[in-house]
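A short worksheet on the structure shown next.
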Amino acid sequence: MKRYGEHRFPGKLFVVEGIDGSGKSTQLMLLHQWLQAEGYGVVFSEWNSSPLVRETTKRGKKKQTLTPSTFSLIHATDFADRMEHNILPLLKAGAVVLCDRYIYTAFGRDVVRGMDPQWVRELYSFAVKPTAAFYFRVPLDVAMKRILEGRSGVKFYEAGLDLGLSEDPEESFGIFQGRILDEYEKMVPEYDLTTVDATRPIEEQQTYMRQIVKAKLAQAKRLRVAP
Amino acid sequence: MRETYAAPLPGMNLAELPGKLIVIEGTDGVGRSTQIRLLRPWLEQQGRAVLDTAIKRSELAGKGIQQAKEGHTLGRITLSLFYATDFADRLEHEIVPALRAGFVVLTDRYIYSLMARAIVRGADPRWIRNAYGFALKPDATFYLRTGVDDLIPRVVFSRGFDYWESGMDIHPSEDMYDSFRKYQTELLAEFERLAKEYNFEIIDATPDVRTVFEHLRAGVARVLSGEPREPLFSVPTPPAEEPLEAAAKRVLEMPSPTRLAASTVEEAPLADQPLARAVDGDATK
Numbered sequence: 034m035k036r037y038g039e040h041r042f043p044g045k046l047f048v049v050e051g052i053d054g055s056g057k058s059t060q061l062m063l064l065h066q067w068l069q070a071e072g073y074g075v076v077f078s079e080w081n082s083s084p085l086v087r088e089t090t091k092r093g094k095k096k097q098t099l100t101p102s103t104f105s106l107i108h109a110t111d112f113a114d115r116m117e118h119n120i121l122p123l124l125k126a127g128a129v130v131l132c133d134r135y136i137y138t139a140f141g142r143d144v145v146r147g148m149d150p151q152w153v154r155e156l157y158s159f160a161v162k163p164t165a166a167f168y169f170r171v172p173l174d175v176a177m178k179r180i181l182e183g184r185s186g187v188k189f190y191e192a193g194l195d196l197g198l199s200e201d202p203e204e205s206f207g208i209f210q211g212r213i214l215d216e217y218e219k220m221v222p223e224y225d226l227t228t229v230d231a232t233r234p235i236e237e238q239q240t241y242m243r244q245i246v247k248a249k250l251a252q253a254k255r256l257r258v259a260p
Numbered sequence: 067m068r069e070t071y072a073a074p075l076p077g078m079n080l081a082e083l084p085g086k087l088i089v090i091e092g093t094d095g096v097g098r099s100t101q102i103r104l105l106r107p108w109l110e111q112q113g114r115a116v117l118d119t120a121i122k123r124s125e126l127a128g129k130g131i132q133q134a135k136e137g138h139t140l141g142r143i144t145l146s147l148f149y150a151t152d153f154a155d156r157l158e159h160e161i162v163p164a165l166r167a168g169f170v171v172l173t174d175r176y177i178y179s180l181m182a183r184a185i186v187r188g189a190d191p192r193w194i195r196n197a198y199g200f201a202l203k204p205d206a207t208f209y210l211r212t213g214v215d216d217l218i219p220r221v222v223f224s225r226g227f228d229y230w231e232s233g234m235d236i237h238p239s240e241d242m243y244d245s246f247r248k249y250q251t252e253l254l255a256e257f258e259r260l261a262k263e264y265n266f267e268i269i270d271a272t273p274d275v276r277t278v279f280e281h282l283r284a285g286v287a288r289v290l291s292g293e294p295r296e297p298l299f300s301v302p303t304p305p306a307e308e309p310l311e312a313a314a315k316r317v318l319e320m321p322s323p324t325r326l327a328a329s330t331v332e333e334a335p336l337a338d339q340p341l342a343r344a345v346d347g348d349a350t351k
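Residue numbers (our numbering), protein chains in the order written: chain A, 34 to 260; chain B, 67 to 351.
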């Protein structure tokens, strides 16, 4: 079992991180299109999307029986399935893999839910270290405004309502996201995250991202994509 | 005050858990569930409330694991983490509430089987120990010990070789017999290491059901009365691997399944025990 940092593959792994409303998914989508146009074999993998555990996660969320431990472990199971069946083999094959959220999301959320920081980090030690991890830094009020304007409401676990921070979903969401923001800030030096100022115009952020990705792909062999 | 191996789970109050947590460990087919079916009525007759629990029985993840295993597409790390999810759910929603209410919790396997399986499948021992660091230390762990040569006839004449119990995911090119033998030998060696590390109480699982039960019952009675542990049963280390032909010959000479079942149950009634219920349980499985 190889550990974080020990992997050497021909493929490249780029991940985006940040709180809800930081604009990371938009930026990753734009990066994805550009890389495809440049002729790279690109694959996208999203947090909490493995079909293997979907039913289990759904059951726990619906019945609200997930605790901090099971919330953490079920997401780790989901991640492991994508890592073993998707991300690892693709990196070995030389693909460019893009992940919307990565292990740092778990380090933030699970620790805010009270899990031991070292325990969570060790749990995910099988993960591949990304070629670059972009952290979209945004003030809490800006992110909150983006989220709450665009949606009819926030979901139970998304708002951290399981933590009993506040009866009011919006208030709970704010406190929860604020604490996650603090955890991200700690991870910037710990994991050498590449910080992107998410209050800047979208095009400007994208230009910055592409510069960094381009430099990292300079020596990478382009995987021929079937037409 | 109860202890955990590493950091406890958030919100878990380890004080006032007056129940007893008793673990029955052992490899596939060694007779753990048969023994639990005998222990339960015996304890209940003494007026003790019992919760019995086993792997994959969690409300949250039990079904999901079953479905995932049917497809045989589970990665090794994924499988370990899925089991850890099941365990955490049972710990928080079954085991701890029962201990708080003063129950005797009998658990058919605990973190040790899950650790042994993961390690045999190549997981980093450090990693899997960390994953289960939040587990409660049990009051006692009884390890039903057997050698692979005693295991094979049991499995052949009960349910037959199972894909996962034979480690076919690790040795896919072998037939089930060879794979079972190889996998269980590795698993048993790992159990021996865990037995030392976690101070298991070893019970020889090779005699008939009644004899094993008598030993187990004495051990459980001692734990419940709070007496200190003593070296009750010193079991010699199983002999080195039996040659293949000898094992095969022994399998062929085994009595038929029906006679085997009859001899273990009918000829060995425990005069003072409510065995009938346990036998019913056996028959309905």
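For every residue, glycine included, the Cβ atom is placed at its ideal position computed from N, Cα and C. This structure is a prediction, so every number in the text was calculated from the model and none was measured.
- Neighbours of residue 93(A) in chain B, taken as residues at a C-beta separation under 7 Å, are given in chain order as 126.
- The DSSP-derived three-state label of residue 58(A) is helix.
- Neighbours of residue 197(B) across chain A, judged by C-beta separation under 9 Å: 106, 109, 152, 155 and 156.
- Cβ contact annotation for residue 141(A) (same chain, cutoff 6 Å, sequence separation greater than five): 213, 216 and 217, in chain order.
- Fewer than three pairs of CB atoms, one per stretch, sit closer than 8 Å, so the segment 135-143 of chain B makes no contact with the segment 67-83 of chain A.
- The distance from the Cβ of residue 272(B) to that of residue 207(B) is about 19 Å, inconsistent with a contact at the 8 Å cut-off.
- Ranked by how close their Cα comes to the Cα of residue 250(A), the residues 88(A), 128(A) and 112(A) have 128(A) in first place.
- Per the DSSP secondary-structure output, residue 251(B) pairs with nothing in a beta bridge.
- The distance from the Cβ of residue 210(B) to that of residue 90(B) is about 7 Å, consistent with a contact at the 8 Å cut-off.
- CA-CA distance, residue 136(A) to residue 163(A), rounds to 10 Å.
- For residue 39(A), the secondary structure class from DSSP, reduced to helix, strand or coil, is coil.
- Scanning the segment 82-145 of chain A for uninterrupted alpha helix (DSSP H) segments of 4 residues or longer gives 87-96, 101-115, 121-126 and 136-145, listed from N- to C-terminal end.
- When C-beta distances to chain B are compared with 9 Å, every residue of the segment 188-208 of chain A stays at or above that value.
- Of the candidates 214(B), 135(B) and 120(B), the residue whose Cα lies closest to the Cα of residue 173(B) is 120(B).
- For the pair of segments examined, the segment 160-169 of chain B was found not to touch the segment 127-138 of chain B: the number of CB pairs separated by less than 8 Å stays below three.
- Take the alpha-carbon of residue 107(B) and the one of residue 159(B): they are about 23 Å apart.
- When secondary structure is reduced to three states using DSSP, residue 47(A) falls in the strand class.
- DSSP links residue 206(B) through a beta bridge to 88(B).
- Within chain A, no residue has its CB atom less than 8 Å from the CB of residue 217(B), the nearest being about 27 Å off.
- Within the segment 141-157 of chain B, 141, 143, 144, 147, 148, 150, 151, 154 and 155 place their CB atoms closer than 7 Å to a CB of chain A, listed in sequence order.
- Distance from the Cα of residue 229(A) is smallest, within the candidate group 70(A), 236(A), 169(A) and 106(A), for 169(A).
- Neighbours of residue 77(B) across chain A, judged by C-beta separation under 9 Å: 100, 101 and 147.
- Listed in chain order, the beta strand (DSSP E) runs fully inside the segment 190-251 of chain A are 227-230, counting runs of at least 3 residues.
- Of all C-beta pairs linking the segment 148-160 of chain A to the segment 56-69 of chain A, fewer than three are shorter than 8 Å, placing the two stretches out of contact.
- By a beta-carbon distance limit of 8 Å, residue 34(A) contacts residue 189(B). Their separation comes to about 6 Å.
- At a cut-off of 8 Å between beta-carbon atoms, residue 206(B) makes no contact with chain A.
- With its beta carbon at least 8 Å from every one in chain A, residue 235(B) lies outside the interface.
- For a cut-off of 8 Å, the C-beta gap from residue 278(B) to residue 101(B) is around 6 Å, short enough to register as a contact.
- Linking residue 144(B) to residue 125(B) through their CA atoms gives a straight-line distance of about 19 Å.
- The Cβ atoms of residue 171(B) and residue 80(B) do not sit closer than 8 Å to each other.
- Legend: CB atoms of the segment 115-130 of chain A lying less than 8 Å from CB atoms of chain B belong to residues 116, 117 and 118.
- Identification of chain B residues near residue 89(A) by a Cβ-Cβ cut-off of 7 Å yields 126, 127 and 130, ordered along the chain.
- Under the three-pair Cβ rule at 8 Å, the segment 173-180 of chain A counts as touching the segment 47-54 of chain A.
- Closest in alpha carbon position to residue 134(B), among 104(A), 98(A) and 110(A), is 110(A).
- For residue 270(B), the pairing in a beta bridge is given by DSSP as 211(B).
- For residue 287(B), the number of other beta carbons within 10 angstroms of its own is below 16, and it is reported as exposed.
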